[in-house]
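According to full-length UniProt numbering, the sequence shown is numbered sequentially starting from 1. Worksheet: the structure to be examined is printed underneath.
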Amino acid sequence: MQFIETREQLRQHYKAPGDLPLRKELKALDPHCRNFIAKSPFVLIGSSDGNGNGDVTPKGDRPGFVAVLDDNTLAIPDRPGNNRLDTLENVIANPAVGLLFLIPGMNETLRVNGTARITADEALRLELAVDGKSPASVMIVTVNACYMHCAKAFLRSALWNPEAWPPRAAMPTLGEIMKDQLALAEQAAEADRRLEEAYRKTMW
Numbered sequence: 001m002q003f004i005e006t007r008e009q010l011r012q013h014y015k016a017p018g019d020l021p022l023r024k025e026l027k028a029l030d031p032h033c034r035n036f037i038a039k040s041p042f043v044l045i046g047s048s049d050g051n052g053n054g055d056v057t058p059k060g061d062r063p064g065f066v067a068v069l070d071d072n073t074l075a076i077p078d079r080p081g082n083n084r085l086d087t088l089e090n091v092i093a094n095p096a097v098g099l100l101f102l103i104p105g106m107n108e109t110l111r112v113n114g115t116a117r118i119t120a121d122e123a124l125r126l127e128l129a130v131d132g133k134s135p136a137s138v139m140i141v142t143v144n145a146c147y148m149h150c151a152k153a154f155l156r157s158a159l160w161n162p163e164a165w166p167p168r169a170a171m172p173t174l175g176e177i178m179k180d181q182l183a184l185a186e187q188a189a190e191a192d193r194r195l196e197e198a199y200r201k202t203m204w
């Protein structure tokens, strides 16, 4: 198998981009971007460490949980998780991040590229608290580019079409997966019960 190694080689296999795909990239959040973020309950964050190892992590909360501080600044609260801190440690080593905002049922997405820093500023954490529970830290993203992404990926995948979804029973539970992958001594049902209890107690 031969691999493409240069930009010139890559471009030989594609048409040149049109005018609109190039012009749609904005350098700051406009009212449409702000409105999209305000209605989005879910964002994917792409990052990489100092050695170029990539990672993508999901962040979800009530719609608008990502705060727009100004036209070039976003604040993403870090809710309770597994404390691996993959994304946060990546940002310390390499601040470049890519964000993909989703709205359920909407096939278009919002892409935001920028640089990130981590703060534990108490006032901001209190401002982003949910039910009196503050995030442990907040990721501050300086926006360098943002643009709407077309619907083709979602239309091809039929992501929001329930009729296209596989039956949930066709896939193992997380407890079953963890039991096999981690060689857990406990039964899968007990692992699932512990996960559900943790979800209830540590959502925020």
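Glycine residues also receive a C-beta, built at the ideal position from the N, C-alpha and C atoms.
Run the CB neighbour count on residue i, radius 10 Å, all protein chains shown included, and call it buried at 16 or more, exposed below.
i, result
"Thr109", "buried"
"Leu74", "buried"
"Val56", "exposed"
"Ser47", "buried"
"Leu102", "buried"
"Lys133", "exposed"
"Lys179", "buried"
"Cys150", "exposed"
"Thr6", "exposed"
Measuring only between beta-carbons, confirm whether residue i sits less than 9 Å from chain C.
i, result
"Phe36", "Annotation note: the requested chain C is absent from the structure, which comprises a single protein chain."
When DSSP builds the beta bridges, which residues end up paired with residue i?
i, result
"Phe42", "Gly60 and Leu102"
"Met139", "Ile76 and Ile118"
"Ser47", "Asp55"
"Thr109", "His149"
Verify whether the separation of the beta carbon atoms of residue i and residue j is less than 9 Å.
i, j, result
"Met148", "Ala116", "no"
"Pro77", "Leu128", "yes"
"Val141", "Cys33", "no"
"Val130", "Arg62", "yes"
"Thr202", "Pro80", "yes"
"Val143", "Lys27", "yes"
Cβ pair count under 8 Å reaching 3, the segment 8 to 18 against the segment 59 to 77: no
Contained alpha helix (DSSP H) runs [length at least 4] in the segment 130 to 187, N- to C-terminal order: List check, alpha helix (DSSP H) in window: 152 to 157 and 174 to 182.
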